[in-house]
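A quick write-up on the structure given underneath.
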Amino acid sequence: MKTRINRLSLSGLLLVGAVRTALAEEAPAPPAAPEATNSAGHLAVGETTLAVGGFLQADAVLVDQSAQDQLSPTGAEPLNTERFLIRRAHLFVEASRTFLRAAIELDANTVKGMALGLARAELALGRTRPRWNWEIGLGLLRIPFGLEVQEWDPDRFLLERSNVSRALFPGTFDLGGRAQASWRFVRAQLAVMNGNPLGDASFPARDPNAAKDFVGRLGMDFTIAAKVHVSAGVSSLAGTGFHPGTPATKDVLVWRDQNEDGIVQLSEIQVIPGRAATPSQNFSRFAVGADGRVGFAVPHLGKSTLFGEVVWAANLDRGLVPADPVASGRDLREFGWVLGGSQEFTARAGFGVRYDFYNPDVDAYRQTPTVLVPKDMSFRTWTFTLSWGGFAHNRLVLEYQHNRNALAVAADGSPTTLASDTLTLRGQMVF
Amino acid sequence: MRCRLAICFLLWAFATATCGGAAPCDTGLEALVRVVGGQFYRGSIDKLASADAPGVVDVLNSQNVITPGLQDKQLSGRLNPGSTAVAIGFAGDIGYWILAADVPDADSPTQPTFHSSLSFSDSLPQTSYDLLVRAVSTPNDFGPAAHVSLDVEPSLPPTGALVVSLWWDTEADLDLHVVDPYGVEIWAGNINSYDRYATTPAPDAGVLDEDGILDFDSNSGCVIDGRCNENVVWSLAAPVGDYVARVDTFSLCGNSAARWTVEALLNGISLDKAEGEALPSSQRFSKGKGSGVTALSFTVASP
Numbered sequence: 000m001k002t003r004i005n006r007l008s009l010s011g012l013l014l015v016g017a018v019r020t021a022l023a024e025e026a027p028a029p030p031a032a033p034e035a036t037n038s039a040g041h042l043a044v045g046e047t048t049l050a051v052g053g054f055l056q057a058d059a060v061l062v063d064q065s066a067q068d069q070l071s072p073t074g075a076e077p078l079n080t081e082r083f084l085i086r087r088a089h090l091f092v093e094a095s096r097t098f099l100r101a102a103i104e105l106d107a108n109t110v111k112g113m114a115l116g117l118a119r120a121e122l123a124l125g126r127t128r129p130r131w132n133w134e135i136g137l138g139l140l141r142i143p144f145g146l147e148v149q150e151w152d153p154d155r156f157l158l159e160r161s162n163v164s165r166a167l168f169p170g171t172f173d174l175g176g177r178a179q180a181s182w183r184f185v186r187a188q189l190a191v192m193n194g195n196p197l198g199d200a201s202f203p204a205r206d207p208n209a210a211k212d213f214v215g216r217l218g219m220d221f222t223i224a225a226k227v228h229v230s231a232g233v234s235s236l237a238g239t240g241f242h243p244g245t246p247a248t249k250d251v252l253v254w255r256d257q258n259e260d261g262i263v264q265l266s267e268i269q270v271i272p273g274r275a276a277t278p279s280q281n282f283s284r285f286a287v288g289a290d291g292r293v294g295f296a297v298p299h300l301g302k303s304t305l306f307g308e309v310v311w312a313a314n315l316d317r318g319l320v321p322a323d324p325v326a327s328g329r330d331l332r333e334f335g336w337v338l339g340g341s342q343e344f345t346a347r348a349g350f351g352v353r354y355d356f357y358n359p360d361v362d363a364y365r366q367t368p369t370v371l372v373p374k375d376m377s378f379r380t381w382t383f384t385l386s387w388g389g390f391a392h393n394r395l396v397l398e399y400q401h402n403r404n405a406l407a408v409a410a411d412g413s414p415t416t417l418a419s420d421t422l423t424l425r426g427q428m429v430f
Numbered sequence: 000m001r002c003r004l005a006i007c008f009l010l011w012a013f014a015t016a017t018c019g020g021a022a023p024c025d026t027g028l029e030a031l032v033r034v035v036g037g038q039f040y041r042g043s044i045d046k047l048a049s050a051d052a053p054g055v056v057d058v059l060n061s062q063n064v065i066t067p068g069l070q071d072k073q074l075s076g077r078l079n080p081g082s083t084a085v086a087i088g089f090a091g092d093i094g095y096w097i098l099a100a101d102v103p104d105a106d107s108p109t110q111p112t113f114h115s116s117l118s119f120s121d122s123l124p125q126t127s128y129d130l131l132v133r134a135v136s137t138p139n140d141f142g143p144a145a146h147v148s149l150d151v152e153p154s155l156p157p158t159g160a161l162v163v164s165l166w167w168d169t170e171a172d173l174d175l176h177v178v179d180p181y182g183v184e185i186w187a188g189n190i191n192s193y194d195r196y197a198t199t200p201a202p203d204a205g206v207l208d209e210d211g212i213l214d215f216d217s218n219s220g221c222v223i224d225g226r227c228n229e230n231v232v233w234s235l236a237a238p239v240g241d242y243v244a245r246v247d248t249f250s251l252c253g254n255s256a257a258r259w260t261v262e263a264l265l266n267g268i269s270l271d272k273a274e275g276e277a278l279p280s281s282q283r284f285s286k287g288k289g290s291g292v293t294a295l296s297f298t299v300a301s302p
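Going line by line, the protein sequences match chains A and B. Mapping of the first sequence onto numbering that gives the first Met the number 0: residues 0 to 430, in sequence order. Mapping of the second sequence onto numbering that gives the first Met the number 0: residues 0 to 302, in sequence order.
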């Protein structure tokens, strides 16, 4: 038995070596950013190769201006956000056999109390060659849109995605089917998905309507003079959202103590008439975006990365200010962009900065006492990150986020920023 | 050198990014008065007046008497032209509330209005308060204050020959059931004991004064009214005999528990008192006459 295990281990180690050598030499660029299985441990069982791995992100929110030692007056939820939490604890298993690949990834976190759930589950058929590859997959898949959505969480230099990305794609995985291919420097991805990703504000990982979302990206990925790496693309989404109907209600008697004497009087009893049920409705939504990333080495300093992304959408916000054009009576147009960069200073230290802008309703207005005026609903965030760590994904990150928004009311009644700056420390390890 | 450059850049970026004011994220739950939908600012409202800022035209307030924990007290009024918001708060409180001004009424088309719903702290001390209302105009100019005097009176159980009271600590729907010596059960489905006269003709109105009556069905159907208190009161004289008081947990309205107290007062003197806790398991029993757990059994003797 022991001999058998030793043989298995030996063959596993040999295969790990072979896979890593192959990855280093052939480097057939995959069509999409894959989950980083090359950092995982590999094991060969018969004709099947198993990759097991995971990562852990543990946070300490040191300062949050919005934190209060109170419960929400309406929902009894804690309002304190200065705390320790497990942001992500992922464990995955990926099996591949000839042209087939299957992966299961679990996520545990304590963001809203202890939670354990499926983060990824995909089954794929594909082939990889030095200059081209293709793959078709089914399951809970990464959404092929833009730059940030397709970035593996531990790869991201900053702690979290930008507001525009988190608003339009509250989760980066959705159920559906996806085809992707690459030839030389060209990358193409197309997916048909439910349209309610993990993290969706209303129906996460479910689909209340039969219509599906079509989402895809066409991009390129190449290296110039062996030192500058460029990745760019355009993305698009066309889909159908869902406005929930309402159930029928009964007549209700309501007492409003209008003269505040604490005694029920007949004139103070109002009837709120019951209403018939209203049907649910579908609405169309779309997004188009462009993204780019340039990585290059600065002499005597280290690796530099610049990135940017711009998205124009309508009725797509599913996370930050959920868009419902049926309820609001008009289409809600969203616009956002991100610009940022990171710089390594030594082999161990790095610095990153990002500015992101997101307006969930570019046509918003508000009523002042005398006139209707446009309302700037935008969220603007500066993010500064210091990273320290000697290994690719294993690092300690300190991040300050300065938020500007229109969620509060100034003394003169105009919208102003609700203070919500944060300072967060994160420890991360990939295994 | 590289580290110094990085630190300098970080400090510059931090200073650039953080310039500009922001409103505090504060629920204002510690304030004595709260304004629904208002933005809370810490600081005294007393000393904010500016010489040429517009003022308040009038304030509409129906009652000057309030009780601790009172919610949804309506306060409205009109502001002078140029006002864009209104500040509301108690003089001497830890802060005040800003509410954007509303559109003018048709009969005074140049004067912005305001409509507010006030709630008051449960720990409001029993005294008189000066509620200040100031018009605010851009840029943050506070006008002279309009004063509304509010007297706080304790929310005491009603007076009467016999009062059986139930109160509880969370926004749950609990019901008081009292069975009188004639076996008549007084509860939300039968708010007085007059069905012992369940004969025709109907009794005179004066006869009803002799009966026990339930004053209020608090948080009925989880429509939260904030009282969390019900009383069955015999105003003139209580029938001699044995009584039973029960507490029925109609619904915890999403709360995990509700701690309740039942007390019987005969001519202001406590006959008996009991405490208990309503748990989710208490909701599963059938509701209506006869439901609930027995909290008190007491006897009213002949005088």
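Glycine included, every Cβ here is placed at the ideal spot set by N, Cα and C. This structure is a prediction, so every number in the text was calculated from the model and none was measured.
Beta-carbon of residue i versus every beta-carbon of chain D: anything under 9 Å?
i: Y40 of chain B; result: Annotation note: the requested chain D is absent from the structure, which comprises protein chains A and B.
Buried or exposed: residue i, going by 16 or more other Cβ atoms within 10 Å of its Cβ?
i: K288 of chain B; result: exposed
i: F54 of chain A; result: buried
i: D360 of chain A; result: buried
i: I142 of chain A; result: buried
i: K111 of chain A; result: exposed
i: I268 of chain B; result: exposed
i: S266 of chain A; result: exposed
i: A31 of chain A; result: In this prediction, A31 of chain A scores a pLDDT of 45, lower than 50, which makes its location untrustworthy; no coordinate-derived value is stated.
i: P246 of chain A; result: exposed
i: K1 of chain A; result: With a pLDDT of 42 at K1 of chain A, under the threshold of 50, the modelled position of that residue is not reliable, and no figure is offered here.
Tell me, please, whether the CB atom of residue i is closer than 9 Å to any CB atom in chain A?
i: A294 of chain B; result: no
i: Q62 of chain B; result: yes
i: V102 of chain B; result: yes
i: N189 of chain B; result: no
i: P111 of chain B; result: yes
i: A22 of chain B; result: yes
i: Q125 of chain B; result: no
i: F89 of chain B; result: no
i: S136 of chain B; result: yes
i: L28 of chain B; result: yes
Give the C-beta separation of residue i and residue j to the nearest angstrom, bearing in mind that I take them to be a contact with Cβ-Cβ under 8 Å.
i: L161 of chain B; j: V246 of chain B; result: Actually they do not touch by this definition, with Cβ atoms about 18 Å apart.
i: L146 of chain A; j: E308 of chain A; result: 5 Å
i: F141 of chain B; j: A90 of chain B; result: That pair is no contact at about 14 Å.
i: W133 of chain A; j: A180 of chain A; result: 4 Å
i: T48 of chain A; j: H41 of chain A; result: 6 Å
Going by DSSP, which residues form a beta bridge with residue i?
i: M428 of chain A; result: A:L55
i: R41 of chain B; result: B:G94
i: N132 of chain A; result: A:T127 and A:S181
i: H228 of chain A; result: A:T222 and A:G294
i: A417 of chain A; result: Residue identity check: residue 417 of chain A is Leu in the sequence provided, not Ala. Answer is B:A22.
i: L47 of chain B; result: The partner list for L47 of chain B (beta bridge, DSSP) is empty, contrary to what the question assumes.
i: V244 of chain B; result: For the sequence presented, residue 244 of chain B should be read as Ala rather than Val. A244 of chain B is bridged to B:V177 and B:L295.
State yes or no: is the beta carbon of residue i nearer than 9 Å to at least one beta carbon in chain B?
i: G288 of chain A; result: no
i: N258 of chain A; result: yes
i: D250 of chain A; result: no
i: T415 of chain A; result: yes
i: T304 of chain A; result: no
i: G412 of chain A; result: yes
i: V62 of chain A; result: no
i: P72 of chain A; result: yes
i: S235 of chain A; result: no
i: L9 of chain A; result: Bear in mind that the predicted position of L9 of chain A carries a pLDDT of just 38, short of 50, making it unreliable; the figure below should be weighed with that in mind. Taking Cβ atoms only, chain B never reaches closer than 9 Å to L9 of chain A, which makes this a no.
i: S419 of chain A; result: yes
i: P30 of chain A; result: Annotation note: pLDDT 45 at P30 of chain A (below 50); position unreliable, coordinate value reported separately. It does not; no Cβ of chain B falls within 9 Å.
i: T423 of chain A; result: no
i: R347 of chain A; result: no
Legend entry - Length at least 3, wholly inside the stretch 332-409 of chain A: the beta strand (DSSP E) runs in chain order: Whole beta strand (DSSP E) segments, 3+ residues: 332-343, 348-358, 364-366, 371-373, 378-387 and 394-403.
Inset, instruction - May I have a chain-ordered list of the beta strand (DSSP E) segments no shorter than 3 residues that lie completely inside the stretch 59-110 of chain B? - result: Complete beta strand (DSSP E) runs here, min 3: 72-78, 84-89 and 94-99.
Inset, instruction - Could you pull out every unbroken beta strand (DSSP E) segment of at least 3 residues lying fully inside the stretch 295-322 of chain A, listed in chain order? - result: Within the stretch 295-322 of chain A, the complete beta strand (DSSP E) runs of at least 3 residues are 301-313.
Legend entry - Runs of beta strand (DSSP E) wholly within the stretch 88-129 of chain A (minimum 3 residues, chain order): Runs found: 99-108 and 114-127.
Inset, instruction - Please list the segments of the beta strand (DSSP E) lying wholly inside the stretch 255-286 of chain B, counting only runs of 3 or more residues, in order along the chain. - result: Complete beta strand (DSSP E) runs here, min 3: 257-265 and 268-277.
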